[in-house]
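Residue numbers (the UniProt record's numbering): 1 to 148.
By construction, the Cβ of each residue, glycine as well, lies at the ideal position given by its N, Cα and C atoms.
Treat the numbers as computed from the prediction; the structure is a model and nothing was measured.
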């Protein structure tokens, strides 16, 4: 089937002076568009790498915080006060701070745990708050602490 079109109609462009090819301005515009697209794509790639590293830190910090809360609850009813520490040689880039405060109920303690790490030369943290009930003392009531 012949549509009456010659192959030359698709392969060559006529310029203003009658010669085949692209003009310099067409080449410059094409290169400009290509370079802008490449810069945008490289920027997105770098942003993706940064976000992947940040999400890895957040996941690790969340798991470490969960581990620390489990340790605290396994030790029994915690004493009031603040403690600090690290996660040993397995996770040397992370540190933690635990603050145990009294709640209005004498058998409940609030544990605020914060995990810290360095990211882009600044300290970043993830905070977790939980409450522990004193299961060892059955005689205590859930009545609020009296102010005397």
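Within the stretch 83-131, the runs of beta strand (DSSP E) that reach at least 3 residues and sit entirely inside it are, in chain order, 91-102, 108-119. Setting aside the 5 residues that flank it on each side, residue 79 is surrounded in the same chain by 100, each with a C-beta closer than 7 Å to its C-beta; the list follows chain order.
Burial state of residue 135 is exposed, judged by a 10 Å Cβ sphere holding fewer than 16 other Cβ atoms. Note on residue 122: under 16 other CB atoms within 10 angstroms of its CB, so exposed under the neighbour-count rule. Here residue 109 really is in contact with residue 77; their C-beta atoms are around 7 Å apart, less than 8 Å. For residue 54, the uninterrupted alpha helix (DSSP H) run begins and ends at 24-74, by DSSP. Residue pairing by DSSP puts residue 81 in a beta bridge opposite 100. Separation of the CB atoms of residue 126 and residue 62 is rounded to 6 Å, and the pair is thereby assigned contact status at 8 Å.
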